[in-house]
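Written out below as structure tokens is the structure these notes cover.
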Amino acid sequence: MMSLNRAYIFLGPPGAGKGTQSKRVARQWGVPHLSTGDMLREAIGRGTELGRVAEPLMARGQLVPDELVMRMVEERLRQSDAAGGCVFDGFPRTLPQAQQLDRILEKRGFGKPVVIEFCVAEDDLIRRLSGRRMCSVGGEIYNLVDAPPKVDGICDRDGGKLEQRPDDRAEVVKDRLRAYERQTKPLAEYYRKQNALDEVDASKSMEEVSRALTEIMRRTEGPNGRL
Ligand code: AMP
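And the structure:
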């Protein structure tokens, strides 16, 4: 049987809920969740050369150079678990990344990506980012106000310690939001022109956003054409 290979792209500003939702969707569909932010944090943790270049840029809320990000993504896509599709979270973030991804997907015989833009007001983003905590072991995301862990400071899933990301501090958040406006937001127009863009109102509750996403996935048949 022919399978429909597809890449899903979750586009939106930091704090919009892309991480939480894209992980859920990937789990639900049994395809990998590819977060370039997670991959870069892992590189920093392992002390690789990429990590050493990325760390100071990330600490200032600036983007990592396209060439490095593309090399990292291409390498990841060569692993067999991504053969039937994947969910990208926080990638692509610039026009050159999007254009290069188009070429990669075409070469792999994937259809047009399905791009979902998370729309939410800036005040909301700042509030969410200041309350965000991340598991230092598995990367699970919590929010002190909207989605707290069962036990204060401890991950429900694996018992890891919850930490605030250094770039979630208020002084860095402003720069990350500016980087998004300038470098990433134009991608919505790029994908809209390709007729590949869907929008969700990400100011709604986690459950409501999740339902809206399931609807979109169903309509687009999901990675691997599994529905
Ligand atoms: P995130 O976890 O998606 O919020 O990403 C955290 C930081 O990693 C960003 O502020 C950037 O510095 C860097 N980063 C993540 N993904 C990319 C990307 N696709 N291109 C460039 N920089 C990225």
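For the sequence shown, our numbering assigns the number 7 to the initial residue and increments by one for each residue that follows.
Each residue gets a CB set at the ideal place from its N, CA and C atoms; glycine is no exception.
This structure is a prediction, so every number in the text was calculated from the model and none was measured.
- With respect to the 7 Å criterion, Phe97 and Thr42 are classified as neighbours on the basis of their beta carbons.
- Taking C-alpha positions only, Leu203 is separated from Tyr197 by approximately 6 Å.
- Looking at the DSSP output, Phe116 bridges to nothing.
- Taking one beta carbon from each stretch, the segment 81 to 101 and the segment 156 to 171 have fewer than 3 pairs nearer than 8 Å; the two do not touch.
- In this structure, Pro154 lies away from Asp162, with their beta-carbon atoms at least 7 Å apart.
- Under the three-state reduction of DSSP output, Val157 falls in the coil class, being neither helix nor strand.
- Cβ-Cβ distances below 7 Å link His39 to Ser28, Lys29, Ala32, Val93 and Asp95 in the same chain, with the five nearest sequence neighbours on each side left out; the list follows chain order.
- Around the C-beta of Thr54, fewer than 16 other C-beta atoms lie within 10 Å, and the residue is accordingly described as exposed.
- With a threshold of 6 Å, the Cβ atom of Met140 does not count as near the ligand AMP, since no heavy atom of the ligand is closer than that.
- Secondary structure note for Gly91: its beta strand (DSSP E) is the uninterrupted segment Gly91 to Asp95.
- For Leu69, the shortest separation between its Cβ and any heavy atom of the ligand AMP lies below 6 Å.
- At a threshold of 6 Å, Gly43 counts as near the ligand AMP, since its beta carbon sits closer than that to one of the ligand's heavy atoms.
- The Cβ-Cβ distance between Pro19 and Tyr186 falls below 7 Å.
- According to DSSP, Ile15 shares a beta bridge with Phe94 and Val121.
- At a Cβ-Cβ threshold of 7 Å, Leu150 and Val179 do not count as neighbours.
- Here the C-alpha atom of Arg52 lies approximately 11 Å from the C-alpha atom of Met45.
- Leaving aside the five residues that flank Arg114 on each side, the residues in its chain whose CB is nearer than 8 Å to its CB run, in chain order, Asn11 and Leu83.
- With respect to Ala13, Pro172 sits apart: the two C-beta atoms are not nearer than 7 Å.
- In the DSSP assignment, Asp207 falls outside any alpha helix (DSSP H) and within the unbroken beta strand (DSSP E) covering Leu203 to Asp207.
- When DSSP states are grouped into helix, strand and coil, Glu146 belongs to the coil group.
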